[in-house]
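Enquirer:
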Amino acid sequence: MKPDMAQYERQREKVGDAFYGGRNTILHGLHDDSKEGIDRMVEDLEKTITKREKYSRRRMHNDDADIDYINERNMNFNKKLERYYGEYTTEIKQNLERGTAV
16 MKPDMAQYER QREKVGDAFY GGRNTILHGL HDDSKEGIDR MVEDLEKTIT
66 KREKYSRRRM HNDDADIDYI NERNMNFNKK LERYYGEYTT EIKQNLERGT
116 AV
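When we follow the numbering used here, the leftmost residue of the sequence shown carries the number 16, and every step to the right adds one.
#1: Contact check, Y84 vs M75 under 8 Å by CB: the rounded distance?
#2: The alpha helix (DSSP H) that contains Y70, what's its start and end?
#3: In the DSSP assignment, find the unbroken alpha helix (DSSP H) run with F92 in it and report its ends.
#4: What does the alpha-carbon distance come out to for the pair I41 and D32?
#5: Go ahead and pull the three-state DSSP assignment for K17.
Okay, here's the thing in structure tokens:
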């Protein structure tokens, strides 16, 4: 959302030294939101919401993958284990599947 620099300058001239504020500056009542500014903000928020809705998606389920879990939580845990220890346990898994494990 782009700021309206002309409106910014008008507001700064209107308020004067209180524009930047200090310890003893009271800003309440010095600023009025314009109808156009509110409409621009609402339009920008609506665009953001529609853009966010497009990006939400669910991960695809692979039917060919081996099922080694009993529920969703266990599936995520097994994925983490495979990610960290997979390179060390692949030979053991293959031996167990073939039936040649010692």
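All C-beta atoms in this analysis are idealised placements derived from N, C-alpha and C, irrespective of residue type, glycine included. Source: prediction; values computed, not measured.
Expert: According to the structure data:
#1: In fact, because the Cβ distance is near 17 Å, the residues do not count as touching under 8 Å.
#2: Membership of Y70 in the alpha helix (DSSP H) is indicated by the continuous run 50–70.
#3: 87–113
#4: 11 Å
#5: When secondary structure is reduced to three states using DSSP, K17 falls in the coil class, being assigned neither helix nor strand.
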